[in-house]
Amino acid sequence: STWQSSGLKNDNLPVDGVLQLQYFPGPEETEFRTRVKEHYDWLRRFFHHKNYIKVNGQPVLMLYQKKPRAAPVLEEFRRLAMKDGFPGLYFTVGLTRPHAHLQSFFPFRGIQRFKGFDVYNKTVAYPNPSDWSNRSLEVPKWCIDQNSELLAVGDPAGETWKRQSSRNTKQRTIEIPGMLVAFDNSPRRKFEDARILSGMESEKVVQTFKRSLKASLYYESCCFPEEWEVSPSRESDRFVLINAFNEWAEGMIMEPSNAYGRKFLESVTDAKREVMEEKCLWREEVE
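Residue numbers (the numbering used here): 3 to 289.
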């Protein structure tokens, strides 16, 4: 459902705080498949677009939060997609939790399985404003040490790399790294109730974002060398999620603004270029 804000009373809303109620009948109800197909038919125009993100031919669809009642709807979406010529759908779901490897400064807790968990291909360490999302993501030390040793040998693509890969006991998690651009929800709340994580100088806000992005790109590209031999023609299932492009009401905006100019967009270009040029030799950002 589309929310206005919890606790706001409005007689014109279908449910307290809800602007647009989104409801599907249960799978046991006769209208279930009809209603789900109506929604799939609206989505399929995007799925079939040549630029739509896909993993091995499967259109990617992300849910903001886990909802147990969503599982049968997603399974029906997947069935309809296969009937529509796709090999399936690739589902991700946001979980409010730190990333297991990139936020080692926060006490790690495993992902708790929930009802409908198996329908998803990956989870997203969704960057809600919290105690663990107001710091930059960090490349894990085990990854930096591993790559420094290999690059010192001077044969990162040869037998030494392969032997090190076989000794790597770290397993890639099913979590997609997520990060905030910035956060300030004072435009939509009373000042005393607002959460502001980007109250410092604009330059520092951008630097914090860029460090998180670069760490995420490095992690996805360099920390699991056994994946380097995967054919580049295979559509990748490695993602980084940035929250958000134009969430003006909460101060999460990558698009150009008076406060930041084009610096967030430029940071994306710079972080990608630096990871490619440094060829997995990690270099700390200098403030």
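Glycine residues also receive a C-beta, built at the ideal position from the N, C-alpha and C atoms.
Item: Supposed contact pair ALA127 and LEU97 - C-beta distance, whole angstroms, cut 8 Å; Value: 7 Å
Item: Touching by the beta-carbon criterion (3+ pairs, under 8 Å), the segment 69-82 and the segment 117-133; Value: yes
Item: Burial state of ARG99, where buried means 16 or more other Cβ atoms lie within 10 Å; Value: buried
Item: PHE93, DSSP secondary structure in three states; Value: strand
Item: Cα-Cα separation, MET84 to PRO142; Value: 39 Å
Item: Residues sharing a beta bridge with ASP375, DSSP; Value: Since the first residue of the chain shown is 3 and the last is 289, residue 375 is not available in this structure.
Item: Distance, ARG190 Cα to GLN6 Cα; Value: Legend: pLDDT at GLN6 = 48, less than 50; position of this residue unreliable, no value from coordinates given.
Item: Range of the contiguous beta strand (DSSP E) that encloses PRO61; Value: 60-65
Item: Candidates PHE26, HIS103, GLY90 and GLY263, of which the one nearest GLN173 by Cα; Value: HIS103
Item: For LYS143: DSSP bridge partner residues; Value: None, per the DSSP bridge assignment.
Item: Candidates PHE108, ILE255, LEU215 and PRO258: closest to GLU276 by CA position; Value: LEU215
Item: Beta-bridge pairing of LYS39 - partner residues as DSSP gives them; Value: DSSP, once it has assigned bridges, lists no residue as partnering LYS39.
Item: Which residues DSSP lists as bridging ALA184, in chain order; Value: Per DSSP, none; premise fails for ALA184.
Item: Three-state secondary structure assigned by DSSP to ASN130; Value: coil
Item: PRO29 to GLN67 span [Cα, whole Å]; Value: 20 Å
Item: Neighbour-count burial assignment, GLU205, 16 or more Cβ in a 10 Å radius; Value: exposed
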